[in-house]
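Read the structure below first, then the notes.
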Amino acid sequence: MRKWIVVVLVLLALAFLAVRGCGPSSRPSPSEPGVGPGGGASESAANAELDPATRGTDRALATRPEAAAHPAERRGALTGGVIDPAGRPVVDARVEALEDEIGAGAPGETRERTRHASGASDTDGRFALDVPRGRPLELDVRKAGYAFVRVLHCSAGEEVLLKLAPAPSLFVRTRRADGAPAADVLVRVGPLVEGGSGSWTELGAERTDALGVARFLALPIGPVMIEVEPPTETPPPPMRVELAPGATIEREFQLVAGPSVLGRVVDVRTKSPIPGARVGCRLLMQGRVATTDDRGEYVFEGFPRTGASKLYVDAPGYGRAEQSVRDEPSAPLHTRADFELLPEHVVRGRLFAPDGKTPISGARIEALGPESSLSKWDRRAARTREDGRFEIANLRSDVRHRLSIDVRGFAREVRSFPGAPQELAATEFGDIVLRPSACASGRVLDAEGRGVPMQGLQARVFALDAEGKSADGERTRVLALRSDHLGRFELCDLPAGRLEVWASIPGIQKEPRLAVELVEGLERRDLVLVVGTGLTIRGRVVDPTGAPIAMVNLSLRKADGTRLGHVPLRTGSDGRFLCPGLEPGSYQIAIWPENREGDESAGTLYANCVLDDVEAGTHDLEVRLAAGRFARGVVRAKDGTPVLQAYVSAKNARGAALTAVLTDAEGRFQLLLSPDEEHELEARPPAANPAERSSAPLDPATFARKNGVRGGAQDVELRLP
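Under our numbering, the residue at position 418 of the sequence shown is numbered 590, and the numbers go up by one with no gaps.
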């Protein structure tokens, strides 16, 4: 009898191990309610992992080794499926869950990404990752032959469906002024979304080969921006490119010599030269930098003709400094800029677990300057050593800082520096004993008790301390993340005490708020945020055949032109959308599809549209998008030469703006428009600083216009007066 018992126990143990190793075996259908927002298409893809040593970039985008879980950390499963364009499971796709930590711990660093978990999809295309709870995570998906995909704002407990598309190929060629290939030129590709840049870290970075060509074979689908950083010439203006599934795209940049800025960097007290200082035209020293010699002198060659107006300096033992070399975007360049640097401020301390005895190693500690002053922006970070000690050097001594402590499994803390930084060479925080964390979870619901987001609408949930400010008057955001596709949210690693939680939803008039009392080591699971006050506009977006279209963006404006919210609404996998909490009145709805998997020849690229006079309270609104075709043309100056970086927009018959692009180096443009409607195209001359185009005074007398343009029109010429 005893022998049989042993045999049964062994068999049960083997069965348990087999089941555990296989993982989930069922694959969700794209139509099931458990799949992620938008029916599986990713959010705006961004920030592919780079290794500076092998990819030839001087920007350090570090991905740390997979982080070990702390015993105090709350964890859960992030699950999903990976499918191909036909809906079939994709096997052995690499899936990584990462947390993006933005900072500047050292010259050249802009952000650091911690990998919490990774794995591969199984034979059913399924994956399950063990990740920290209450943390906004990013999912990176890579599979040979397919485009890179990133999904933002994922959480433990969520189910995400990832649909892959054939990878595009991008070849970027650079030539010097004499036509010869330009080798060893750094080429960056970054994300771009409607209305601006999607992120400030590149999707890929490569150096051109002996033929002057840089190759990108693992980029995402959608619009991207190409930037070129030549060693000495002036960087040409960036170029926008639309990457389609499986497409092969070639672009060329002509490099020309540009103006240089020279100067000297010295110690403000002794006036002694500072050798080895780095001088660049970007705040975090991305791209090309000049280095001072033994006399403290530098020459920065090829200063950009557009998009830059300052030089920045970083040197060991000193705080950052900056200086304008253009008084305004269109002003002439000052060709000399001398710097006097203030000595650095240093902060030190030691981090312990709540027992006061166990040092915490590998924790990221960040010193933050004032958020409201870009002219004196300062943000640096360091990680604790094995004994829990940390030191953050090279802080500016002319601004006040806060110390941000964020360690998984413990309560977050933000501490102000005591005293003015100019009075001390260093700030000693001594031993910092972390407190046990609290957790708060719940749901965001509409007036009818349904989770928000529903059909892709997403709510952002924040938590602040009781006053919402730190001691130096800067607002302190403890944590921010999105609710999932069922409206669920979870906030972990919070300090005990009274906090305020609210949901910020695009288009809503009044944000729902809750005052929450949290206790160390305990979790509140009963929070409910109701966003049902006010009227709604409901509807769905379909293609010309009546089939629903997912991942379509919508934004609302009042009759007076005021835009509601800062983030667009988005349709779900069934094409439906909900605009909640509206005041009575009429609204304008701008609608623009992602077009990530479309094809012009197949009629699956859809044109933007604008609806006027939609009354709050309208339900069952159906928006039928037209199959778009590209209208192509060129912008020329009065003398017939092509105009680079001209701003070309299209308006409908009612004067509503539909879409806009910048012309390339040959003055060319293309706009996706409906072939069934006539449009007005308008070209504006290039701005001296494209980043400040919206604030530049407009002179309609300098514009070129053409009416009656339909989608599919070719060789459209706009000639500036």
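The beta-carbon is built from N, C-alpha and C at its ideal position, and this holds for glycine as well.
If you look at residue 851, you'll find it in the beta strand (DSSP E) that goes 851 to 856.
For a cut-off of 8 Å, the C-beta gap from residue 254 to residue 293 is around 5 Å, short enough to register as a contact. Within 10 angstroms of the beta-carbon of residue 817 lie 16 or more other beta-carbons, which makes it buried. For residue 251, the uninterrupted beta strand (DSSP E) segment begins and ends at 247 to 255.
Residue 516 and residue 579 have their C-alpha atoms roughly 26 Å apart. Bounds of the beta strand (DSSP E) holding residue 397 are 394 to 401.
Runs of the beta strand (DSSP E) lying entirely within the stretch 480 to 547 and spanning at least 3 residues, in chain order: 482 to 486, 493 to 496, 511 to 513, 517 to 524, 536 to 540.
Comparing C-alpha distances from residue 728 to each of 712, 745, 758, 747 shows the shortest one belongs to 758. Straight across, the Cα-Cα distance linking residue 493 with residue 725 is about 40 Å. In terms of Cα proximity to residue 482, the closest of 491, 466, 457 is 457. For residue 784, the closest of 762, 804, 562 by C-alpha to C-alpha distance is 762.
Between the stretch 350 to 359 and the stretch 316 to 334 there are fewer than three inter-stretch CB-CB distances shorter than 8 Å, so the stretches are not counted as touching. Rounded to whole angstroms, the Cβ separation of residue 375 and residue 391 is 6 Å, and the two are in contact under 8 Å.
With a threshold of 16 other beta carbon atoms within 10 Å, residue 694 falls short and is exposed. At the C-beta level, residue 487 and residue 421 stay beyond 9 Å of one another. Under DSSP, residue 844 takes part in a beta bridge, and its partners are 802.
Under the 10 Å beta carbon count, residue 889 is surrounded by fewer than 16 other beta carbons and is classified as exposed.
Annotation: residue 271 to residue 886 spans about 45 Å, alpha carbon to alpha carbon. The count of Cβ pairs closer than 8 Å, one atom from the stretch 421 to 433 and one from the stretch 790 to 808, stays below three, leaving the stretches out of contact. When DSSP states are grouped into helix, strand and coil, residue 583 belongs to the coil group.
The Cβ atoms of residue 567 and residue 518 lie closer than 9 Å to each other. Nearest Cα to residue 716 within the set 723, 304, 796: 796. Here the C-alpha atom of residue 264 lies approximately 12 Å from the C-alpha atom of residue 290.
For residue 873, the secondary structure class from DSSP, reduced to helix, strand or coil, is helix. Taking C-beta atoms as the reference points, residue 398 and residue 436 fail to come closer than 9 Å. DSSP, read as helix, strand or coil, puts residue 307 in coil. By the Cβ-count criterion, residue 529 is exposed, with fewer than 16 other Cβ atoms from all chains shown falling within 10 Å of its own Cβ. Cβ neighbours of residue 467 within its own chain (closer than 6 Å, five residues either side excluded): 445.
Taking the C-beta atoms as reference points, residue 612 is found nearer than 9 Å to residue 662.
When the five nearest sequence neighbours on each side are left out, the beta carbons in the same chain lying within less than 6 Å of the beta carbon of residue 312 are those of 268, 322, in order along the chain.
The beta carbon of residue 585 lies closer than 6 Å to those of 577 in the same chain, with the five residues before and after it left out. Its chain contains 518 as the residues whose beta carbon lies nearer than 6 Å to that of residue 598, once the 5 sequence neighbours on both sides are disregarded; these appear in chain order. For residue 287, the closest alpha carbon among the candidates 266, 690, 583, 298 is that of 266.
Residue 402 sits close to residue 474, with the two beta carbons spaced by under 9 Å. Taking residue 503 as reference, the option from 872, 522, 477 with the minimal CA-CA separation is 477. Our two residues, residue 383 and residue 355, have alpha carbons roughly 7 Å apart in a direct line.
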